[in-house]
Amino acid sequence: HHRDPVGEGEALALANRIAVMEAGRIVQVGGPEDIYRRPATRFVSTFVGEANVLSGERRGGVINLPWGASFPAAGGDGRVAVVVRPEHVVLDGAGPMGEVSDAVFLGSFVKLSIRMADGTELTVHLPEPTDAAVPRPGDRVGVAWRPEDARCFDESSSSS
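Residue 147 is where the sequence shown ends in my numbering, and the numbering goes up by one at each step.
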C-alpha cells in the first residue's frame, strides 16, 4: 500500500512531540509550537515554516544588520544569524526602508517580498489585507519587528 509522505502542517497537527535531526544527530526535541517558536538552532528555525535568516554582527549586546537596522540582543560579540518569521515583520514607516519586489494575495494574508538596501530579500506576511493597505511592487516601505520575535544564533563558533 502506497502512502504519500505526511506534509509539514499535517505532521504538526498530529504530533505532540517532534525530534529534529541534523547531520545524523538529534538537535531538538519538543512540541510543535516549541519547535516553531523557540528553535534551538538555525537549522531547526528553517525546518518548520517560513523564516527570514539574516546575517548580522553583534557588538556590545547590540545586533547590527547590513541595511542599518539594530536591536538589543544578549550574547557574545561576533557574526550572528538572525531569524525572524514573516508574520512577525511589520510595515513601519520609521523602520529601515526597502522596495517591494513582489506582492501575492494568499487569502488571509498578503505575502510581500521586500528587497533591502544591501540586496537582502525579506518575506513579510501582511495579515487581513485590504486593497488600500497593500503595497505594490516598486513601493518603498519601512520594516520592523519586536526584538523578542527575533531568534539569534552565533555564527562564529558553529554552523547551526
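Using N, Cα and C, we set each Cβ at its ideal position, and we do this for glycine too. Please read all numbers here as calculations on a predicted model, not as lab measurements.
Considering only their Cβ atoms, is the gap separating residue j from residue i smaller than 8 Å?
i	j	result
Thr33	Glu9	no
Gly48	Ala60	yes
Pro73	Val97	no
Gly62	Asp141	yes
Give the DSSP-derived three-state secondary structure of residue i in the structure shown.
i	result
Glu74	helix
Pro83	coil
Gly110	At residue 110 the sequence reads Thr, which differs from the Gly that was named. Of the three classes helix, strand and coil, the one that applies to Thr110 here is strand, per DSSP.
Val49	strand
Ser147	Model confidence at Ser147 stands at a pLDDT of 41, short of 50, so the residue's coordinates are unreliable; what they give is reported in the following sentence. Residue state, collapsed to three classes: coil.
Evaluate residue i with the Cβ neighbour count: other Cβ atoms within 10 Å of its Cβ, from every protein chain shown; 16 or more gives buried, anything less gives exposed.
i	result
Leu1	exposed
Pro26	buried
Asn39	buried
Arg123	exposed
Phe92	exposed
His(-12)	Confidence is the limiting factor: at His(-12) the pLDDT is only 46, short of 50, which leaves the residue's position unreliable and the question unanswerable from this model.
Ser146	Caution is warranted here: a pLDDT of 42 is assigned to Ser146, below 50, making its placement in the model unreliable, and the coordinate value is therefore given only provisionally. Flag for Ser146 reads exposed.
Gly85	buried
Val16	exposed
Report yes if the C-beta of residue i is less than 7 Å from at least one heavy atom of the ligand GTP; otherwise report no.
i	result
Asn39	The ligand GTP is not part of this structure, which contains no ligands at all.
Since residue i and residue j should fall inside the 8 Å C-beta cutoff, what is the C-beta to C-beta distance between them, to a whole number of angstroms?
i	j	result
Val76	Val130	6 Å
Leu99	Val69	Not a contact, Cβ separation roughly 19 Å.
Gly106	Val67	So it is not a contact: roughly 19 Å between Cβ atoms.
How do the stretch 112 to 120 and the stretch 51 to 66 stand: do at least 3 beta-carbon pairs fall below 8 Å, yes or no?
no
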